[in-house]
Amino acid sequence: MSLAVETQADVRRAIGVETIGMTKIFGSLVALDDVSIRVTPGSFHALLGENGAGKSTLVKCMMGFYQPTKGSVLVNDAEVEIPNPRAAHALGIGMVYQHFTLVPSLTAAENLVISRADTPAIIDWAKERKGLEAFLETTPFKVPLNVPVSGLSAGEKQKLEILKQLYLDQRFLILDEPTSVLTPDEADEVLGLLRGMTEAGDLTILMITHKFREVTAYADEVTVLRRGRMVGAGKVSDLSVNDMSHMMIGDTTIRESAARQVHADAKLKLEVAGLFAEDDEQLPALEAINLKVHCGEILGIAGVSGNGQSELIEVLSGQRTPSDGRIFIDGKPYEPERKLMDTFKVFGFSEEPLKNVAVPRMSVAENMAFRTFDKAPISPFKGWLSPAPMRQKARDLIASYRVKTPSTEEPIENLSGGNVQRAILARELSGEVDILIVANPCFGLDFASVAEIRAQIMDQRNRGAAVLLVSEDLDEILELADTVAVMSEGKITYTSPMDKTDRATIGHAMAGHH
Amino acid sequence: MFEDSALATVLLAMFAGAIRVSTPFLFVSLGETLTEKSGRINLGLEGTLVFGAMSGYAISYHTGSPWLGVLVAGLCGSCFGALHGYLCKLPKVNDIAIGIALMLFGTGLAFFFGKAYIQPQAPRLPSISFGFWTDMPALRQALEINPLFLLGIVLAFVLWWGLKNTRWGLTVRTTGDSAPAALALGINVNQVRLLSTMVGGFFAGVGGSFLSLYYPGSWTEGLSSGQGLMAVALVIFARWNPLYCFLAALLFGAAGALGPALQSIGISRGYHFFNAAPYIMTLLIMIASTSPKRSLKGAPGELSITK
């Protein structure tokens, strides 16, 4: 018997979940300290907090991934045991993870059918398809069923993740940063549809987020966590964005970016002309990219991830060979080789530095010396390394960039995310920088680090460096860029000075409406 | 006129050879396809193949039943698969390194136990004659088809259908494409991979028994000459599709039959060169089908070579 028929016969309504005094201790770390939240049936509840505030720990306790050290979970006011995720599913609690849990090579239909607990040993596809189509009729989400998931857009994947939970008849959905990979329009569509379902009483939503815009536009209630403790809760209508942001970050002082200095008739520094490149499947990833960045200008490239931004960064940093096109610096041809990077003073950093721009198992000192290890004083003779000056330089940088590390010899992978990024920043920004190429520099970092990094980028701009900033975070572009360019399907589809455009226009261009 | 008949002889010999020689390729590549679909590479199938050949021959010699030999060869293959699957489950163990170790272990063990069976003659698998309608002896000869080949075709279709239309198939593909997704579905990733490697080992063992019980039809230490390894390359060439595995096995079989076929019409110059055709083809295929600029299309996402 197909599941869709079952759901129509016995409609399960939205359920409410409450935690009482949740505490989770890992070794010496108190990840969650006496957190009680109440999510009423049919409400859209937002869970706000910085990275490391305990949001994930809390929902993982609710999903049965972790067992709380203390505290209990109530479903529809009855205390329940959730020893594992399967038990959570049986209670009707489902979760949509930040990273997709769909199987890329399977079609949407296959993904849905395999997700069921009672998949038949031999699948009658004609019958299943009929069942799935009947099920799709009952939801507002529409997704093509017979295309492999790898061929779907990010928005369609996110819808399919939600559909999967609905198909499994989960009536309490936990969404972990559901819009981080969506365009603003896609995000509005998905959240709007979910909001509709909560209003109809079909669904309860608990959404982890750090975007105030989504909280104010869609959530009924909000709970704020900081350092494992609940620091505030209430109706969204009673709280201002300022209240919420104060609850989130507390009294931590946030470095303010320096004011934007005006550079009169700045000269052209970096020019990308007619750049083409292919991706790993040999499909076109970049098509005729033309960019100009002037001294003292931040060119922000907005776009949803996977539209060619990573390929552009790879080409500019020499990790991918372009199939056509040229790069010029000061009107001279430029190839991203170590020697020319040095001559033209090209630097850069990117998201997840441990993956992209650091060698995780090498020491902090070695990682900090990547730009200078082959030059005096670290290399007094050709080919020889002298560790003492390397360590000395690292000590200076660690002090001036406030990198928290036990010693210069610590493998860099043992540092926290913010400190790794600061170490890389120290390496890239301590010398004279003419061109700075930055990709998603603040991805996954806490507020203080984010503010610090943005201020550093602004300082470089004010000093006269030409900055190319690729970011999936539209707020970051809006805050930093002088000029914005939107990348969509490997092309630059929209360019404008920042003072002549707005969020909505850029958002539409990101979605490909231009 | 002579030219025509010579060409016909060569083509016929290659056709017969393709069927004969392709059978072990087919079994090993189907087994490897299943294992790789679950997200692991088992390079040890060469060892499994050789051990299957030895054990199948020994059982057939002692019991007088070649079919029992085939079964035991398969079961021995499963044991090697289980060992591979178990070792790879341990933390920080690399499946390719384990595969190479098991390849050496399997061949070494087969040589150790196989010394006694080099001389004696064991009963061989029968063949089925499809050539009753013709009185051309060459054609009749070519249409003596071995039952394992037919079994292999059925197996290829079953596997192809099963990967799409059964819960078991979807589970294997899920595990091979995204372990996090499989975990989120409550699938025991290691168990799926262990079972897939065991079944894959069974197929490879059966492929080995074909070598000693049908063609060439006796147990010698140089029996396999790397066919198990070539079958792994063949899986990449066949893009992890069981039906393409069948076609690719035929192609490899035909290439392997080129040398003897040319010799049969008296062209013996370059005999060793033509005998090397499958190896050269493996090399060319690997060059043609891989590139530094793109990732392998259709490869299961969890394979350590594509990650």
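Chains as they are written, first to last, in the UniProt record's numbering: chain A, 1 to 514; chain B, 1 to 307. Here a beta-carbon is modelled for each residue, glycine too, at the ideal position from N, C-alpha and C. All values derive from a computational prediction rather than experimental measurement.
Check	Outcome
Could you tell me the distance, in whole angstroms, from the CA atom of A/Ile-457 to the CA atom of A/Val-438?	9 Å
What does the alpha-carbon distance come out to for the pair A/Gly-151 and A/Leu-160?	13 Å
Could you name each continuous beta strand (DSSP E) segment of 3 residues or more that falls completely within the stretch 350-426 of chain A, going from the start of the chain to the end?	none
Would A/Ser-105 pass as an interface residue toward chain B - the criterion being a Cβ-Cβ separation below 8 Å?	yes
Using a Cβ cut-off of 9 Å, pull out every chain B residue sitting near A/Pro-120, in sequence order please.	Thr-166, Arg-167
Check the Cβ-Cβ distances between B/Ser-38 and every residue of chain A, and say whether any is below 8 Å.	no
Using a Cβ-Cβ cutoff of 7 Å, what residues of the stretch 115-135 of chain B are near chain A? List them in chain order.	none
Tell me which residues share the same chain as A/Thr-7 and place their Cβ nearer than 8 Å to its Cβ, disregarding the 5 neighbours each side in the sequence.	Note that A/Thr-7 scores a pLDDT of 42, beneath 50, so its modelled location is shaky; the value from the coordinates is reported in the next line. Closer than 8 Å at Cβ, skipping near neighbours: Phe-135, Thr-138, Asp-169.
Going along chain D, which residues have a C-beta under 8 Å from B/Thr-174?	Judged by its chain identifiers, the structure shown contains no chain D, and its protein chains are A and B.
DSSP beta-bridge partners for A/Pro-284?	A/Glu-278
Return yes when at least one heavy atom of the ligand ATP lies under 7 Å from the C-beta of A/Gly-300, else no.	Ligands in the displayed structure: none, and consequently the ligand ATP is not present.
Is B/Pro-147 helix, strand or coil by DSSP?	helix
Work out the CA separation of A/Pro-83 and A/Leu-270 for me, nearest whole Å.	57 Å
By how many angstroms is the C-alpha of A/Gly-71 removed from the C-alpha of A/Ile-25?	12 Å
Counting along the chain, where does the beta strand (DSSP E) carrying A/Leu-436 start and finish?	435-439
Using only the alpha-carbon positions, how far apart do A/Ile-412 and A/Lys-375 sit?	22 Å
Measuring CA to CA, which of B/Ile-285, B/Thr-175, B/Tyr-57 is closest to B/Asn-120?	Just to set this straight, residue 120 of chain B is Pro in the shown sequence, not Asn. Minimum Cα distance to B/Pro-120 is reached at B/Tyr-57.
Let me know the alpha helix (DSSP H) ranges lying completely inside the stretch 9-45 of chain B, each 4 residues or longer, listed in chain order.	none
Grouping DSSP H, G and I as helix and E and B as strand, with all else coil, what is A/Glu-314?	helix
What would DSSP say about A/Leu-29, mapped onto helix, strand or coil?	strand
In whole angstroms, what is the alpha-carbon distance linking A/Arg-326 and A/Leu-291?	11 Å
For A/Glu-79, report the span of its beta strand (DSSP E) as first-last.	78-80
Give the single residue among B/Pro-126, B/Met-286, B/Glu-144 whose Cα lies nearest to the Cα of B/Phe-132.	B/Glu-144
Closest to B/Met-14 by C-alpha separation, out of B/Gly-256, B/Met-281, B/Arg-193, B/Ile-96, would be which residue?	B/Gly-256
For A/Ala-388, tell me which candidate among A/Arg-371, A/Glu-409, A/Arg-427, A/Asn-51 has the shortest Cα-Cα distance.	A/Glu-409
Quick one: list the residues of chain A neighbouring B/Ser-178, beta-carbon separation under 7 Å, in chain order.	Val-103, Pro-104
Distance cutoff 8 Å, beta carbons only. Does B/Leu-49 sit that close to anything in chain A?	no
Check for me: the alpha helix (DSSP H) holding A/Lys-130 runs from which residue to which?	125-137
Can you give me the start and stop residues for the beta strand (DSSP E) that A/Thr-495 sits inside?	491-497
If we define contact as Cβ-Cβ less than 8 Å, is A/Arg-361 a contact residue for chain B?	no
Is there contact here, the stretch 36-56 of chain B with the stretch 184-201 of chain B, by at least three beta-carbon pairs under 8 Å?	yes
Using a Cβ cut-off of 9 Å, which residues of the stretch 217-232 of chain B contact any Cβ in chain A, in chain order?	none
Check whether chain A comes within 8 Å of B/Leu-185, counting only Cβ atoms and requiring the distance to be less than that.	yes
Counting only C-beta atoms, is B/Leu-170 closer than 8 Å to chain A at any point?	yes
Span of the alpha helix (DSSP H) holding A/Met-248?	241-249
Spell out whether any CB of chain A is found under 8 Å from the CB atom of B/Ala-181.	yes
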